[in-house]
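Step one of this worksheet: look at the structure below.
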Amino acid sequence: MGRPTLGILLAASLSLFAVWSARGACPAGDVSGDCKLDWTDVQVLAAHWLESPADMGDINSDNMVDGLDYALLADSWRIEPPANIVINEIHYRPDVKTDLVEFIELYNPGSADVNLSGWYFRDGVSYTFEPNTVLAANSYLIVCQDLNAMRHRFWDSWPRGIPWSLIHGPYEGRLSNDGELIELCDSHGQLVDRVDYKLGFPWPTVGDAPGGILSGRGSSIQLTNPSFDNDLAGSWRSAYPTPARPNTAVFTTNLPPHIRQVSHDPRQPRSGELVTITAKVTDDDGVASVTLYYQIIEPGNYITLNHSAYYSNWTTVAMRDDGLDGDRVAGDNIYTARLPGSMQTHRRLIRYKIHVADTVGVSQMVPYLDDPQPNFAYFVYDGVPAWRGSIRPGSQPEVDYPIGVMRSVPVYHLLSTKQNVENATWLQKYRGSDYLWTGTFVYDGDVYDHIRFRARGGVWRYSMGKNMWKFDFNRGHYFQARDNYGRPYGTTWDKLNFSACIQQGSFGQRGEHGMVEALTFRMFELAGVPAPKTHYVHFRIIDEANEDGRLNAAHPPITTSGTQFDGDFWGLYLVIEQMDGRFLDEHGLADGNLYKMDSGADDAGPGGGALNNQGPTQPSDHSDLVTFLAGNPTGQAAWWGQNVELDRYYSHRAVQHAAHHGDITEKNFFLYHCPEPTTNEWGTFERWSLLPWDVDLTWTTYYRPENMTDAFYNRGILGFSELNIAARNRVREFSDLLFNLEQMTQLIDEYAAVINDPSGGLSIVDADRAMWDYHWVVGDAAYPTYIDQPASNKAGQGRFYEEAQDQGYSRSFENMVQVLKDYMTSMPTRSPSGQWFDGRFAYMASLAQDSAIPNTPTITATGPTGFPINALTFQSSAFSDPQGSGTFGAIQWRIAEVAAGSVWIPPSNDVVYFDYASRWKYFLGTREATSPDITLWREPGFNDAAWSEGAAPIGWGKPASFLNTILPGSSSTKCIFVRRKFTVDDPTRLNGLRLETIYDDGFNVWINDTHVLRENMPTASPTYTDRASATHYSDEVPVTFNLPDPSTYLVPGENVIAIQVHNRSTTTG
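With numbering that gives the first Met the number 0, letter number 1058 in the sequence shown gets 1057, and the count goes up by one each step, no holes.
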């Protein structure tokens, strides 16, 4: 038994080992207090052996001096505490990507030299210092990404450049542009210093060239004084990099107060709700004042950043930390201001910023000057209302589209001036790529203030009336998008594209509402070709005073008064992921050159491409593209094998033909140059990929019925038999696995169900049609002021669902979906050779046809009944080939692995962590659950053993009710505290978290002491005496709430959910 005990002791020793804290603290095991580990510490432990509780010698704080404490002492025996080396500057985001000048600067503030031999960075980047590396007293050194680039870029840092002895590297990896943890350890593995930096407040914002024009002069983040706490964001400022020398531009001996944890509650208030704004503020000299500045933006009276009113129209309110007027706890450094419910009105934007000053007069306004969004903000909104509209006003009746329809897809808001909105989408007809107009974007309760926008598109940018939009987000305030199921994408976006979901009128396909784009991009993805993510949104614009367009201004001479078309509702749009560096990250592609190909575009460079992403190690002058396009591929297949990702191309070609994507001969595609070599039978090379774009003219044979070429096909890639055979094989594989009736019907129905009620009720597509089929801007009178073509060309009224009618169906979205299905099975389609086929399936079969292909075998299971996983056997039919049965070469099996004990879960199902009958610990709110710290009960480590336990639902009521646990005592009790534990295996695999609850009347929810939900409560930090702010009684009908990104608060293993429920009145509930 002794050996397992020893093993446990060793495991405990390793797991409990307490390293030195950063910045030179004493080592674990130093019980004598001299910051050394020697026999003095052993004598202290011996003197207090087996004491409980122990005054001295209890190293692991378990109230006992025992073998565990000796083990901790032994682990760090004779190791001196690390020197006080400081991470003093970080240059993690050079504004020019090809400048490989990232670096981390270390500073030795001590009076003695420090030997860094064997020291290393264990997070952020990977680098170990070589033997005999010494950092002299009061000196600097840098660890960098590229030695030569570093010396070249910062030649002016010293009279003759940076001395070689101060430059170390290169390190492995790259510093994250959005923030990460950097940890420096000594040769014993002890933590010396750490910085967990972020992009944006409360950290500095870097990455742009100063003024947008001084290329290569982008800022680093710099510690304002080596003696300041470098793990506090407020200790850092941005400035031009100063590698291996003092940070003189930002140096100070007295900082303004540190301010962080700025927040407002509720996150998106409703009309009449009190808003509480808080910030944590600290200063060694003492905080003299904290002042809130706020600015009210009324609907229809938007104030842009470049307007003089922005700088003068602010009201001040003192923030307090005295426990009064909404401040929860006096003296806790959390300063509070309240903005009354009377200020909160529907559709109003509230901007705010905070000024802090210390007792010696040093002050600061936040956000900082380097932040492109110079204020915080929240948006007051009561929810999307119902909408009333007619498909053809004056001729057809108005229809009421209820709240459920209008909220069936995510809602994106744009706030701006009416002039900005109409200039961008209709009046100025700007065709460039600059973002000339500014506004505020709101989604999911988040406010993205001072963003920029424009119309997007090529030759028909201003021709349809309902035009496409593009938005540009500020650095450090990137957009978090979610897919059709509410799951956040893996990367945030700095660009956002809208497709208008309205086909060109002259092609007769209007009314598929973006389905062909969504389906085609998804088919590319499923076939292994990186393609943009898409999802549907309801778009609203607030640029006038009234939400109902009938109350807003006319557009003379077309209209004489406001119409149903002139309100906040702008209809259904399809979001399409921007193809840039973030796209490469999202799809697991290396950071390489990505060219949007269109030789006729204004931004096209040499080779006919616009560089949408610059690879850090690749040419910035398009020379790689020019070289690739100038190559001679006609002589041998090896050229294609060495220069192109052939498997990806074969899949691209299969989807291109399946969807009839014929608009990519000269434009509307991307070329991606992967900087990481890949290996195939032709060797190891950096290769190019053809990636899809602009797929709106698909799923119909009207457009270019015989012209199904692409950039590689036109250069002869399929002129070599081995490549041609492989391409046809991929078409056959794609058709067998995806492009068949079963799979494609499911895919079409899945996307249609996102925007349309399968049971036949009103849907957002119906509202979209009512908004745009007879909108005044798509009519004849709109030309040329609002549209740049006569309406009969690309715009036009009454064109929705024409194709369904032409195919013999009635006009409806459902029948447009049927047209998509007919396209696959029966719609006449013609091959490039001019041969006609009934449906796209038959056409695809013709592409794969080859008289030399063996006949498809049949597969039969030959194992025991029930298919036991350990006895799966199969038998194929006899080999058969048109060329004779003696030609057998090989057979390839496709096998799907099934993990032991696994159960197939349909995509629509969820992992349930606890259900309605789960048992909970609960505490009656006749007083606070814990005191004096009234929040302690929410923490995972709180001991709730003394609490009562019962199965949900829990509440006061009659025994015959739906309640499982009837609470004792008086129903006049206004509050109950409940909590339970649940286990999560891997939070990183979760795409979202949903809470379904039956409640009466309001509640707050915390998971692992992180606040995740508030409903019908005036504050997120209530006392037991508070009452709910509204009445809600759901009886046995649960209400569903989508919780924030679970990766930010869930942990692997045990988690704790805590809920505080309040009544509105003292009636039973």
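Glycine included, every Cβ here is placed at the ideal spot set by N, Cα and C.
Check	Outcome
Assign L624 to buried or exposed, taking buried as 16 or more other Cβ atoms, counted over all protein chains shown, within 10 Å of its Cβ.	buried
Could you say which of P1045, D765, Y170 and G924 lies nearest to G510 if we only look at CA atoms?	D765
Which of the three DSSP states, helix, strand or coil, is assigned to F564?	helix
How long is the line joining the alpha carbons of I161 and F153, rounded to whole angstroms?	7 angstroms
Mapping the DSSP letters down to three states, classify T39 as helix, strand or coil.	helix
My output table needs one value for Y301: the three-state DSSP class, helix, strand or coil.	coil
Is the Cβ-Cβ distance between W692 and F711 less than 7 angstroms?	no
Look up G682 in the DSSP assignment and give the residues it is bridged to.	N679
Need the endpoints of the beta strand (DSSP E) that R337 sits in, please.	I333 to L338
With 16 other CB atoms within 10 Å as the buried threshold, where does G940 fall?	exposed
Output the distance between the C-alpha atoms of I181 and V274, rounded to the nearest integer angstrom.	37 angstroms
Evaluate Q874 with the Cβ neighbour count: other Cβ atoms within 10 Å of its Cβ, from every protein chain shown; 16 or more gives buried, anything less gives exposed.	exposed
Nearest to A356 by CA position, among S214, H672, I258 and G548, is which residue?	I258
Tell me which residues share the same chain as T491 and place their Cβ nearer than 7 angstroms to its Cβ, disregarding the 5 neighbours each side in the sequence.	Y477, F478 and Q479
How far does the beta strand (DSSP E) with L994 in it reach, from first residue to last?	R993 to T996
For P1045 and L989, which I take to be in contact (beta-carbon distance under 8 angstroms), what is that distance rounded to the nearest angstrom?	5 angstroms
Within 10 angstroms of its Cβ, does R486 collect 16 or more other Cβ (buried), or is it exposed?	exposed
Do Y423 and R451 have their CB atoms nearer than 7 angstroms?	Going by the sequence as given, residue 423 is Ala instead of Tyr. Contact: no.
From the DSSP output, which residues share a beta bridge with W1005?	H1010 and A1057
Taking the DSSP output, what are the residues bridged to N592?	H672
When you compare the CB positions of D448 and A376, do they come within less than 7 angstroms of one another, or not?	yes
Find the nearest neighbour of V404 within the set D597, D493 and A752, judged by alpha-carbon distance.	A752
Identify every residue that forms a DSSP beta bridge with S311.	None, per the DSSP bridge assignment.
Got a sec? Which residues, its chain only, sit under 6 angstroms from T315 by beta carbon, not counting five neighbours each side?	T290 and Y292
Residues in its own chain within less than 7 angstroms of S505 by CB, not counting five upstream and five downstream?	N792 and K793
Going by the beta-carbon positions, is the gap between R729 and Y649 smaller than 7 angstroms?	yes
Pull the bridge partners of N612 from the DSSP assignment, please.	L593
Going along the chain, which unbroken runs of the alpha helix (DSSP H) with 4 or more residues stay wholly within the region 782 to 829?	801 to 805 and 812 to 824
Can the beta-carbon of D207 be found less than 7 angstroms from the beta-carbon of D94?	yes
Let me check one thing: in DSSP terms, what residues is L518 bridge-paired to?	In the DSSP output, where bridge partners are listed per residue, L518 has none listed.
Taking the alpha-carbon of P531 as reference, which of E543, T132, A889 and F582 has the nearest alpha-carbon?	F582
Output yes or no for whether 7 angstroms exceeds the beta carbon distance between P853 and D880.	yes
Please report the distance separating the alpha-carbon of P676 from that of G591.	11 angstroms
Who are S1085's beta bridge partners in DSSP?	Missing from the structure shown is residue 1085; the chain here goes from 0 to 1068 and no further.
Going by DSSP in three states, I501 sits in which element: helix, strand or coil?	coil
For L146, tell me which candidate among P674, I103 and F976 has the shortest Cα-Cα distance.	I103
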